[in-house]
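Before any comments, here is the structure.
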Amino acid sequence: MTALTAPLAALGATVLAILATTGRITLFAADAVSHILRPPFYTRALLIQLVQIGWLSLPVVGLTALFTGGALALQIYAGGARFSAEEVVPSIVAIGMARELGPVLGGLMVAARVASSIAAEIGTMKVTEQIDALVTLSTNPMKYLTVPRILAATLAMPVLVGVGDAIGIMGGYLVGINRLDFNAAAYLRNTVDFLEFWDVGSGLVKGAVFGFLVALMGCYHGMNSGRGAEGVGAATKAAVVSASVLILAANYLLTELFFAA
Amino acid sequence: MIRFDDVHKSFGTNHVLRGVDLDVARGTSMVIIGGSGTGKSVALKCVLGLVTPDSGRITVDGSDDDRDAFLSRFGMLFQGGALFDSLPVWQNVAFRLMRNQSKDAARDIAIAKLRRVGLKPDVADRFPADLSGGMQKRVGLARAIAAEPEIIFFDEPTTGLDPIMAGVINDLIREIVTEMGATTITITHDMTSVRTIADNVAMLHDGRIQWTGPIADLDHSGDPYVDQFIHGRADGPIEAVR
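Same order as they appear, the protein sequences are chains P and H. Convert by adding 1396 to the 1-based position in the first sequence; the result is the number in my numbering. Convert by adding 35 to the 1-based position in the second sequence; the result is the number in my numbering.
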């Protein structure tokens, strides 16, 4: 191979590898979704995952939203002051949290917490032959491990986003009335008057999509983990990175779909 | 009962199985011996459907088309135990039983099986991480026999155990196999296990069955590969990497 063609060959190999991985993930997702609809259903495993993914993620999502809402209020006030438009703080905080920052930051925090945890748990199960053991006990690992996690994340994320939106708006409210001298009643009225149903609804739909992606990446990389501690570590890292990138890409596509003129 | 017919399996350029032919008769205990990396585990995984052979056929009772039916009458002890570390011991043992029995009934059976492998009932509520290697092996054995399977596989049952505990596990396996009348395949390097557990022995070398015969013939097989392996000699037809 000449020095001229070697870079092209490397580029081609990379593109082929990306396409192959995309295909494998798509098939994995299709397989998982098909199993959601077919018995047996592991209800107890689903409830455990709802607690693990939903309930236990509340603190990190809530804190992220609280500080983001507060910082957003300060930024919008500072920016709005340039145009004598400080009064837009409540409505922009609410719209910004509900449409973008609530779902995206919530999704990224859940990706860091949940995708890593799922990939490490399933990856460890793989390298210690626990997944093979499931098969020998007539249990489909896709149904027992993947479906409850994907379903739980898809159901829990909109709830987390909704709670995060409310806490983020509250963060903006606290900063608004304590630091920026807004009237409390006027702040709340501005928030409620300007916020439309689809501002919140679009964020919840985004949350469901992000939850699906987070659990899908965790399960896919866990199930395809390499051997030993290094393999599990690599799977965990890949799960978090791919989930985060997919969340940002999906967010753009969904925003384009929902709000493009 | 279990038949390998010219089974081949490669991983990339690594030809692990190069035409395995083997018959395991109903109610007998077959032990497969062979060096590390000779394909023993791959052969077992091919039976289970965890690995798909490139060519050849593996049949159970003459059929190879209903893996779910096969697995429903099957139990396995894994090399590392492969216990589910998120579940307490009794739920590990009763994992399959809980699908069609009440929780209490499944727990009672799990405790009976734990007693059968020499563990006290107070172990039932502990988690696998709290147990020693020997106790984990016993729990794995209890799980393998919990549903009273017709076919049981043992993958390196004594690896990582001290000689006394290894002897206890070997004796337990032999007793359980005899009283259940199960058909079993064991893979091991441990010659004490071979002599305790086996009715028949097969030696896998270079991806093929090098020799097979009853345990009584093992010491005078006339096969230089078998002789070198069972006596642990560095010199012989099997290349020993130093």
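Ideal Cβ placement from N, Cα and C applies to all residues, glycine included. In this text the structure is predicted, and so the values were computed from the model without any measurement.
Since residue i and residue j should fall inside the 8 Å C-beta cutoff, what is the C-beta to C-beta distance between them, to a whole number of angstroms?
| i | j | result |
| --- | --- | --- |
| valine 1353 of chain P | glycine 1614 of chain P | The requested residue 1353 of chain P is not part of the displayed model; chain P covers only 1397 to 1657. |
| isoleucine 222 of chain H | lysine 75 of chain H | 4 Å |
| glycine 69 of chain H | leucine 239 of chain H | 4 Å |
| threonine 1460 of chain P | methionine 1505 of chain P | 5 Å |
| alanine 1508 of chain P | valine 1636 of chain P | 6 Å |
| threonine 193 of chain H | aspartate 225 of chain H | 5 Å |
| histidine 1617 of chain P | alanine 1604 of chain P | Contact doesn't hold; Cβ gap of about 21 Å is too wide. |
| leucine 1600 of chain P | proline 1537 of chain P | Not confirmed; about 30 Å, so no contact. |
| alanine 1630 of chain P | glycine 1622 of chain P | 6 Å |
| alanine 78 of chain H | leucine 112 of chain H | That pair is no contact at about 16 Å. |
| threonine 219 of chain H | phenylalanine 189 of chain H | 7 Å |
| glutamine 263 of chain H | isoleucine 273 of chain H | 5 Å |
| leucine 1468 of chain P | glycine 1492 of chain P | 6 Å |
| isoleucine 1546 of chain P | alanine 1428 of chain P | 6 Å |
| isoleucine 37 of chain H | valine 82 of chain H | 7 Å |
| leucine 1497 of chain P | glycine 1564 of chain P | 7 Å |
| arginine 268 of chain H | isoleucine 232 of chain H | Actually they do not touch by this definition, with Cβ atoms about 23 Å apart. |
Given a threshold of 16 other Cβ atoms within 10 Å of its Cβ, counted over all protein chains shown, does residue i qualify as buried or as exposed?
| i | result |
| --- | --- |
| glycine 97 of chain H | exposed |
| arginine 1585 of chain P | exposed |
| arginine 1575 of chain P | exposed |
| phenylalanine 109 of chain H | buried |
| proline 1436 of chain P | exposed |
| proline 156 of chain H | exposed |
| leucine 154 of chain H | buried |
| tryptophan 1594 of chain P | exposed |
| isoleucine 1449 of chain P | buried |
| aspartate 1589 of chain P | exposed |
| tryptophan 125 of chain H | buried |
| proline 198 of chain H | exposed |
| leucine 1407 of chain P | exposed |
| tryptophan 246 of chain H | buried |
| lysine 1522 of chain P | buried |
| tyrosine 1583 of chain P | buried |
| tyrosine 1473 of chain P | buried |
Look up residue i in the DSSP assignment and give the residues it is bridged to.
| i | result |
| --- | --- |
| methionine 65 of chain H | H:Ile220 and H:Asn235 |
| proline 249 of chain H | H:Asn235 |
| isoleucine 37 of chain H | H:Val59 and H:Val95 |
| methionine 1505 of chain P | DSSP lists no partner for methionine 1505 of chain P. |
| serine 90 of chain H | H:His43 |
| methionine 1521 of chain P | According to DSSP, which records beta bridges pairwise, methionine 1521 of chain P is partnered with nothing at all. |
| methionine 111 of chain H | H:Phe188 |
| histidine 240 of chain H | H:Arg243 |
Put residue i into one of helix, strand or coil per three-state DSSP.
| i | result |
| --- | --- |
| isoleucine 1563 of chain P | helix |
| aspartate 190 of chain H | strand |
| phenylalanine 1424 of chain P | helix |
| glycine 70 of chain H | coil |
| asparagine 127 of chain H | helix |
| isoleucine 273 of chain H | coil |
| asparagine 49 of chain H | strand |
| glycine 1607 of chain P | helix |
| arginine 1585 of chain P | helix |
| arginine 279 of chain H | In the structure displayed, chain H extends from 36 to 277; residue 279 of chain H sits before or after that span and is not available. |
| glycine 116 of chain H | coil |
| arginine 268 of chain H | coil |
| glycine 54 of chain H | strand |
| asparagine 1647 of chain P | helix |
| glutamate 1592 of chain P | coil |
| glycine 257 of chain H | coil |
| aspartate 262 of chain H | helix |
| alanine 1490 of chain P | helix |
| serine 1480 of chain P | coil |
| glycine 1622 of chain P | coil |
| arginine 1575 of chain P | coil |
| aspartate 1528 of chain P | helix |
| isoleucine 84 of chain H | Correcting the residue type first, residue 84 of chain H is glycine in the shown sequence and not isoleucine. Coil at glycine 84 of chain H, not helix or strand. |
| serine 76 of chain H | helix |
| threonine 1550 of chain P | helix |
| threonine 1398 of chain P | coil |
| leucine 1412 of chain P | helix |
| alanine 1474 of chain P | helix |
| threonine 1418 of chain P | helix |
| leucine 1612 of chain P | helix |
| threonine 1535 of chain P | coil |
Using a C-beta cutoff of 9 Å, does residue i count as contacting chain B?
| i | result |
| --- | --- |
| proline 1455 of chain P | Judged by its chain identifiers, the structure shown contains no chain B, and its protein chains are P and H. |
Every unbroken alpha helix (DSSP H) inside the stretch 1427-1457 of chain P [4 residues or more]: Segments of the alpha helix (DSSP H) lying fully in the stretch 1427-1457 of chain P: 1439-1445.
Length-filtered (4 minimum) alpha helix (DSSP H) runs lying within the stretch 135-223 of chain H: Given a length threshold of 4 residues, each whole run of the alpha helix (DSSP H) inside the stretch 135-223 of chain H is given here in chain order: 138-151, 168-180 and 198-215.
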